[in-house]
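Residue numbers (the numbering used here): 659 to 862.
We put the beta carbon where it would ideally sit given N, CA and C, even for glycine.
For reference, the structure discussed in these notes is given below.
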């Protein structure tokens, strides 16, 4: 899904694989009053037109703008919310990071990987419900963690800009009610597709 560098500007156009002859290129996703970057809108249109979501619910994570959009199988927007992302800038996972103690992971390696992921609901080691995004590398989407008050994670989600939304070890934190009402509602009982848009690479 990824190659070469691209500007981190959310409005810069990006390149995708040509649509197949069977794709309905006229279909466009209706975001309604929800704001979204052109890159996010183009990706949503491509997913629906190409059928890349394989008739499954899907989500698009815009890392540049720190926001997630969740869609039904037919591309209807089901909800959107701010997210917290990995502290480190980058689109790859450092080798062996899944086996490291969290506290020992260097800040630069605390990245949220970009790509196309088959996601499934599950539970973490504490029995809490999460959406596994990249199980091999222990990357999930889950309700915001507030166990460390100094990190001010809940407050970061409430600020109007994405400038302070980089704090996690790589996982995608979402508001608690959004996880319960939107993520659980769409992904429970089925697999889905999560597209994490890159910030240092080009979507292909």
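* Let me know if residue 759 comes out buried or exposed under the rule of 16 or more other beta-carbons within 10 Å of its beta-carbon. => exposed
* **Range of the contiguous beta strand (DSSP E) that encloses residue 781** => 773-781
* To do: Figure out for me which residue from 844, 713, 775 and 718 has the closest Cα to the Cα of residue 697.
  => 718
* Below 7 Å between beta carbons: does that hold for residue 739 and residue 820? -> no
* For residue 800, does the count of other Cβ atoms within 10 angstroms reach 16, so buried, or fall short, so exposed? -> buried
* **Spatially closest choice to residue 754 from 747, 746, 748 and 763, by CA coordinates** => 763
* Taking C-beta to C-beta, are residue 853 and residue 774 nearer than 7 Å? -> yes
* To do: Sort 761, 742, 766 and 779 by Cα distance to residue 752 and report the nearest one.
  => 766
* **DSSP bridge partner residues for residue 826 (one or two, in chain order)** => 744
* Can you say whether residue 862 is buried or exposed, counting buried as having 16 or more other CB atoms within 10 angstroms of its CB? => exposed
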